[in-house]
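Here's the structure, in structure tokens; my notes come after.
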Amino acid sequence: MRRIQRTISEIMVEGPAPTVGPTDVVGDAVEVMKKHSANYVVVLEAKKLVGIFTERDYLNRVMAARREPDTLQVQDVMTSEPVTLSPADSVAYAINQMAVGRFRNVPIVDTDGRFRTVITVRDVIHHLSDLLAEAATSDDEMHEWTDIGGG
Amino acid sequence: MLEELAKTPIIEVERREPVRVKPDAKLIDVVTVIREHKRGAVVIEDDDGKLAGMFTETDLVQRVAHDTQKWQDSPVGEMMTREPKHLLASASIAEALALMQQHTFRNIPIVNEHAHVVGIISIRDILAHLAEHFPEEFINLPPSSKHEASGRWGG
Numbered sequence: 000m001r002r003i004q005r006t007i008s009e010i011m012v013e014g015p016a017p018t019v020g021p022t023d024v025v026g027d028a029v030e031v032m033k034k035h036s037a038n039y040v041v042v043l044e045a046k047k048l049v050g051i052f053t054e055r056d057y058l059n060r061v062m063a064a065r066r067e068p069d070t071l072q073v074q075d076v077m078t079s080e081p082v083t084l085s086p087a088d089s090v091a092y093a094i095n096q097m098a099v100g101r102f103r104n105v106p107i108v109d110t111d112g113r114f115r116t117v118i119t120v121r122d123v124i125h126h127l128s129d130l131l132a133e134a135a136t137s138d139d140e141m142h143e144w145t146d147i148g149g150g
Numbered sequence: 000m001l002e003e004l005a006k007t008p009i010i011e012v013e014r015r016e017p018v019r020v021k022p023d024a025k026l027i028d029v030v031t032v033i034r035e036h037k038r039g040a041v042v043i044e045d046d047d048g049k050l051a052g053m054f055t056e057t058d059l060v061q062r063v064a065h066d067t068q069k070w071q072d073s074p075v076g077e078m079m080t081r082e083p084k085h086l087l088a089s090a091s092i093a094e095a096l097a098l099m100q101q102h103t104f105r106n107i108p109i110v111n112e113h114a115h116v117v118g119i120i121s122i123r124d125i126l127a128h129l130a131e132h133f134p135e136e137f138i139n140l141p142p143s144s145k146h147e148a149s150g151r152w153g154g
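Line by line, the protein sequences are chains Y and Z.
Numbering that gives the first Met the number 0 applies: residue 0 is where the first sequence begins, and numbers increase by one.
Numbering that gives the first Met the number 0 applies: residue 0 is where the second sequence begins, and numbers increase by one.
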């Protein structure tokens, strides 16, 4: 379990993030999500994180409310100033945010405020699944489930 | 501790009752129940109570055409994942996590030997289980000085 105290920087995936501007329309944000196979888009203004818009927000604030995605601006339905973590924080913090805070996507921001990436529940599943698989292969008695976690 | 966690059967993880709908339920009604129950997914059962499919928030974004409001009346059965991956109640957390990783699922239906849905396990349930049963690892971490300075954990 020690390994859960790894830092976020050790497991986070950096690359082109799904990004929109606050005045982009929701329909475009959904297209960006689809293109990146992501469950969220980050909302950046002058390279600073101003919000996050997730598929849950889309369901709750757009679809259930029967609002028009092609005229509605992202800034009207995003979560402003979301909880963020830093690359130096422990993975356990991210897990705690997801379990207790019920966030599935936590933006990672440098101490100088620069947006780096988003740590997703998918990243955490990957990490935990690997941990359990490693625990399995490191112990002969655990052979019964090495196959399961070995993928 | 890792071994103990890995072997824990999913039935021992505190879970919420699955939200069940029929294949002919309209998508707008499914959206409403997902919202009301704060879920990421619903299970779709046929008339015999057997697992027919799954429909998730992600499916809503990825599969539904949003340029008109026509989606509202579409039956969920047309958009659901048929014959979804599932687990038996005897499966372990390690098995659930492996399936979640392999297929990028966040929710997996649990069925009995007659294919009747007896539950659903979500990644949130597993993370909450971790946080609850290994609190020294998850809850009582000393905040870094950075955190205290920024006050991010104040709320």
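Every residue gets a Cβ at the ideal spot worked out from N, C-alpha and C, and that includes glycine.
>> Would Ile7/Y pass as an interface residue toward chain Z - the criterion being a Cβ-Cβ separation below 9 angstroms?
In response: Counting from one through the first sequence, the residue named residue 7/Y turns up at place 8. It does not; no Cβ of chain Z falls within 9 angstroms.
> Assuming Arg115/Y contacts Glu13/Y under a Cβ cut-off of 8 angstroms, what Cβ separation, rounded to an integer in Å, is found between them?
Replying inline: Taking the first sequence and counting its residues from 1, one reaches residue 115/Y at position 116. Taking the first sequence and counting its residues from 1, one reaches residue 13/Y at position 14. Confirmed, Cβ separation roughly 6 angstroms.
> Listed from N- to C-terminal order along the chain, which residues in the region 46-69 of chain Z have their beta-carbon within a distance smaller than 8 angstroms of any beta-carbon of chain Y?
Replying inline: Glu56, Thr57, Leu59, Val60, Gln61, His65, Asp66 and Gln68
> Skipping 5 residues on each side, what residues in its chain have a beta carbon closer than 6 angstroms to that of Met97/Y?
Replying inline: Taking the first sequence and counting its residues from 1, one reaches residue 97/Y at position 98. The answer, listed in chain order, is Val120.
> What residues from chain Y crowd round Thr7/Z, counting only those whose CB sits closer than 7 angstroms?
Replying inline: Counting from one through the second sequence, the residue named residue 7/Z turns up at place 8. Correct list: empty, because the minimum Cβ distance to chain Y is about 11 angstroms.
> Taking 9 angstroms as the CB-CB limit, is Gly26/Y close to chain Z?
Replying inline: Position 27 of the first sequence holds residue 26/Y. Yes, because at least one Cβ of chain Z sits closer than 9 angstroms to the Cβ of Gly26/Y.
> Where do the ends of the beta strand (DSSP E) carrying Gly34/Z lie?
Replying inline: Within the second sequence, residue 34/Z is the residue found at index 35, counting from 1. For clarity, residue 34/Z is Arg in the given sequence; the question names Gly instead. No beta strand (DSSP E) contains Arg34/Z, which is instead part of the alpha helix (DSSP H) from Leu26 to His36.
> For Val41/Y versus Glu80/Y, is the C-beta distance shorter than 9 angstroms?
Replying inline: Walking along the first sequence from the start, residue 41/Y turns up at place 42. Walking along the first sequence from the start, residue 80/Y turns up at place 81. Between Val41/Y and Glu80/Y, the gap from beta carbon to beta carbon reaches 9 angstroms or more.
>> What does the Cβ neighbour count give for Pro176/Z, buried or exposed, with the cut at 16 atoms within 10 Å?
In response: For residue 176/Z there is no data in the structure shown, the boundaries of chain Z being 0 and 154.
>> Quick check on Gln68/Z: does DSSP put it in helix, strand or coil?
In response: Locating residue 68/Z in the second sequence gives position 69, where the first residue counts as 1. Here Gln68/Z sits in coil by DSSP.
> Would Ala16/Y count as contacting chain Z if we go by Cβ distances under 9 angstroms?
Replying inline: By one-based count along the first sequence, residue 16/Y stands at place 17. No, no contact with chain Z.
> Smallest Cα separation from Leu98/Z: which of Asn111/Z, Lys84/Z, Ser89/Z and Ala88/Z?
Replying inline: As a position in the second sequence, residue 98/Z is number 99, starting the count at 1. It is Lys84/Z whose Cα lies nearest to the Cα of Leu98/Z.
> Helix, strand or coil: which one does DSSP assign to Met0/Z?
Replying inline: The residue given as residue 0/Z occupies position 1 in the second sequence. It is coil, neither helix nor strand.
>> Tell me the residue span of the alpha helix (DSSP H) that contains Gly118/Z.
In response: By 1-based counting over the second sequence, the position of residue 118/Z is 119. Taken as a continuous stretch (DSSP letters only), Gly118/Z belongs to no alpha helix (DSSP H), being part of the beta strand (DSSP E) at Val116 to Ser121.
> Under a CB-based cut-off of 9 angstroms, is Val123/Y close to chain Z?
Replying inline: Residue numbering aside, residue 123/Y sits at position 124 when the first sequence is read from its first letter. Answer yes: the Cβ-Cβ gap between Val123/Y and chain Z drops below 9 angstroms somewhere.
>> Check whether chain Y comes within 9 angstroms of Leu87/Z, counting only Cβ atoms and requiring the distance to be less than that.
In response: For this step, residue 87/Z is matched to residue 88 along the second sequence. No, Leu87/Z does not count as interfacial toward chain Y.
> Excluding sequence positions up to five away, which residues of its chain have a Cβ less than 7 angstroms from the Cβ of Ala93/Y?
Replying inline: The sequence position of residue 93/Y within the first sequence is 94, counting from 1. Within the same chain, Ala93/Y has close Cβ partners Ile7, Leu84, Val105, Ile118 and Val123.
>> Just to check my reading of the structure: Ile122/Z and Ile9/Z have Cβ atoms closer than 8 angstroms, yes? What is that Cβ distance to the nearest angstrom?
In response: Numbered from 1 along the second sequence, position 123 holds the residue referred to as residue 122/Z. Numbered from 1 along the second sequence, position 10 holds the residue referred to as residue 9/Z. Under the criterion of beta carbons closer than 8 angstroms, Ile122/Z and Ile9/Z do not qualify as touching, at roughly 12 angstroms.
> How about Gln61/Z and Lys33/Y: do their beta carbons lie closer than 9 angstroms?
Replying inline: Reading the second sequence from its first residue, position 62 is the one you call residue 61/Z. Reading the first sequence from its first residue, position 34 is the one you call residue 33/Y. Yes; because the gap between Cβ atoms is below 9 angstroms, this pair is in contact.
> What's the gap between the Cα of Leu131/Y and the Cα of Asp56/Y?
Replying inline: As a first step, residue 131/Y is located in the first sequence; it is residue number 132 there, counting from the start. As a first step, residue 56/Y is located in the first sequence; it is residue number 57 there, counting from the start. Taking the straight line joining both Cα atoms gives about 32 angstroms.
>> For a cutoff of 9 angstroms on Cβ pairs, would you count Ala114/Z as touching chain Y?
In response: Residue numbering aside, residue 114/Z sits at position 115 when the second sequence is read from its first letter. No - not a single Cβ of chain Y is within 9 angstroms of the one on Ala114/Z.
>> For the beta strand (DSSP E) containing Glu44/Z, name the first residue and the last one.
In response: Sequence index remark: in the second sequence, residue 44/Z carries index 45 (1-based). Here the beta strand (DSSP E) through Glu44/Z covers Ala40 to Glu44.
> So which residues of chain Y does Val30/Z contact, with C-beta pairs closer than 8 angstroms?
Replying inline: Taking the first residue of the second sequence as position 1, residue 30/Z is located at position 31. What Val30/Z touches in chain Y: Leu58, Met62 and Ala63.
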